[in-house]
Amino acid sequence: MHAALAASFAALAAAAPVVQRQAAPPPAGIDDAVILQYALSLEHLENTFYREALTKFTAADFKAAGVPSAEAFYNNLQQIAKDEETHVNFLETGLRDAGATPVAECSYNFGYTDAQSFLATANILEGVGVSAYLGAAKYIKSADYLTAAGAILTVESRHSSYLRNVQSPPQSPFPAPFDIPLEFNEVYSLAALFITGCPDTPGTTGLGLKAFPAITAAPAGISKVGDVLTFTVAQEVEATNAYFITFPGGAIPAEITGSGANYQVTVPAAAQAGQAYVVLTKNGDKPTDDNIVAGPAVLQIADNAAEFQAQNPGYDYNPKDCKDDKPGQYPTKGDYPSHPEAPKDYPAHPEQPKSPEAPKDYPKHPEQPKYEHQPEAPKYDAHKPEHKPEHEDKPSTYPVKNGEKPEEDCPEEDKPKTHY
């Protein structure tokens, strides 16, 4: 897959600039080739960052740091590392095929000491990566190069969203309707904080970029509108103004007091939620490379996740009663009253009395009397006339009423038959 991506980018590079777009005038010495080298220098930094982290931390380390579903997170972290490595290979191969020498990987010190501080640094780096690609987009003349850079930008944005959601406490994965673009030197100033040295071959130091003095903001953590933050600059500067960089509003002025290396800056009402950037300038003009004297400072401004946490102070994003290391599901255990546990040892039931055993030899029943065979009744044949003796026991005459003639007593067969 890497080879296919590199080949496609090489084809774009070989063909560019076939389609030119009306890009904004870039800073002096910046063209499309330098912008791609600039992108590669940032990808080197991120690639090294994740590669080193995977050799130092395991899923168990992130679980101990309170990351929900640590095994799944570690798997996703490995995928993020592969993405960054792919970006490096993609840009390097494309630049070589276009006849350019890719910038080399530098040496870095990322400063994290444990899994939690690693996550905080990863959150910042991914946010800066999004702002870097977004800020460079307006200067890219080749439409093909712009597409290639945009294809990387969208993935960096997803990385950023994912990492915001695993912070402690979680930050919103989409804190504002717009991301914030940064200029080349503003991005390089943030990247330079981690660079300890670069090889003699062309590298980030050969891109004509400069780093402004760094700012450390206190207190750390989530800031909100109205908070007064202390800015400590790496060296004394003459700052008169402070600006929060936003989009689409541009630079928003903020109250500032102090001098030298120490300043107090108030978060303005128009500050953009999420990862914010603040620069100090030497005059009241909008910040540019010509009047910025320090920064950017990176802040996390309260977003909708912070508002939810303020309204639900007892909400647990990672319930500890999960035995399978899976994130808690809604509703959580605390939403319903728990039922009393059943006793482990129930009292034994008393034994039931046994029924008496049935006798083995039951008494025999008395024998039934045998019935003798009865003689069969004579069968009656309806067609066979029954023989009767003639005039048996019948009187020859019957008594008659006065005046009646006695009937003759003779059998039927002796009567005359009448023929019709």
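In the numbering used here, the protein residues as written are 711 to 1130. We put the beta carbon where it would ideally sit given N, CA and C, even for glycine. All values derive from a computational prediction rather than experimental measurement.
Using 7 Å as the threshold, is the C-beta distance between residue i and residue j below it?
i: Ala986; j: Leu755; result: no
i: Phe772; j: Ala763; result: no
i: Ala964; j: Ala952; result: yes
i: Gly845; j: Glu893; result: yes
i: Leu917; j: Val744; result: yes
i: Phe904; j: Ala927; result: no
i: Ile890; j: Gln1010; result: no
i: Pro978; j: Gln945; result: no
i: Ala738; j: Lys848; result: no
i: Leu863; j: Tyr843; result: yes
i: Pro883; j: Arg874; result: yes
i: Gln1019; j: Pro885; result: no
i: Thr906; j: Asn1022; result: no
i: Ile925; j: Ala1012; result: no
Look up residue i in the DSSP assignment and say whether it is helix, strand or coil.
i: Ala952; result: strand
i: Ile1011; result: strand
i: Leu990; result: strand
i: Val798; result: helix
i: Gln985; result: strand
i: Ser779; result: coil
i: Tyr872; result: helix
i: Tyr748; result: helix
i: Ile1002; result: strand
i: Ile932; result: strand
i: Ser852; result: strand
i: Ile962; result: strand
i: Val838; result: helix
i: Glu1067; result: coil
i: Ala890; result: Just to set this straight, residue 890 is Ile in the shown sequence, not Ala. In the structure shown, Ile890 sits in coil (DSSP, three-state: anything other than H, G, I, E or B).
i: Leu917; result: coil
i: Gln826; result: helix
i: Ala769; result: helix
i: Ala810; result: coil
i: Ala738; result: coil
i: Asn1022; result: coil
i: Ala859; result: helix
i: Glu756; result: helix
i: Asp1031; result: Annotation note: pLDDT 45 at Asp1031 (below 50); position unreliable, coordinate value reported separately. Asp1031: coil per DSSP, three-state reduction.
Just list the residues that DSSP pairs residue i with in beta bridges.
i: Gln974; result: Thr940, Thr967
i: Glu927; result: Note that residue 927 corresponds to Ala in the displayed sequence, not to Glu. Note: Ala927 sits in a beta bridge opposite Phe941.
i: Ser817; result: Gly907
When we look at the beta-carbon of residue i and count the other beta-carbons within 10 Å, is it buried (16 or more) or exposed?
i: Phe783; result: buried
i: Pro1006; result: buried
i: Thr758; result: buried
i: Gly970; result: exposed
i: Val935; result: exposed
i: Tyr1025; result: exposed
i: Glu948; result: exposed
i: Phe954; result: buried
i: Asp741; result: exposed
i: Gln747; result: buried
i: Asp793; result: buried
i: Asp1000; result: exposed
i: Thr967; result: exposed
i: Asp854; result: buried
i: Gln881; result: buried
i: Ala774; result: exposed
i: Pro958; result: exposed
i: Gly1138; result: Because the chain here runs from 711 to 1130, residue 1138 falls outside it and cannot be looked at.
i: Gly804; result: buried
i: Thr768; result: exposed
i: Glu815; result: buried
In angstroms with no decimal places, state the Cα-to-Cα distance between residue i and residue j.
i: Ile834; j: Tyr760; result: 13 Å
i: Ser827; j: Asn1014; result: 23 Å
i: Gly837; j: Leu752; result: 12 Å
i: Leu939; j: Pro997; result: 20 Å
i: Asn1002; j: Val989; result: In the sequence under discussion, the amino acid at residue 1002 is Ile, which differs from the Asn named in the question. One C-alpha to the other measures close to 7 Å.
i: Ser841; j: Arg868; result: 13 Å
i: Ala1016; j: Leu919; result: 36 Å
i: Ser817; j: Cys908; result: 6 Å
i: Thr857; j: Leu750; result: 15 Å
i: Val813; j: Asp807; result: 14 Å
i: Phe800; j: Ala810; result: 14 Å
i: Glu866; j: Gly839; result: 7 Å
i: Thr991; j: Pro929; result: 22 Å
i: Pro778; j: Gln788; result: 16 Å
i: Gly960; j: Ala980; result: 11 Å
i: Asn895; j: Thr956; result: 17 Å
i: Tyr898; j: Ala921; result: 6 Å
i: Thr796; j: Gly860; result: 15 Å
i: Ala791; j: Ser852; result: 28 Å
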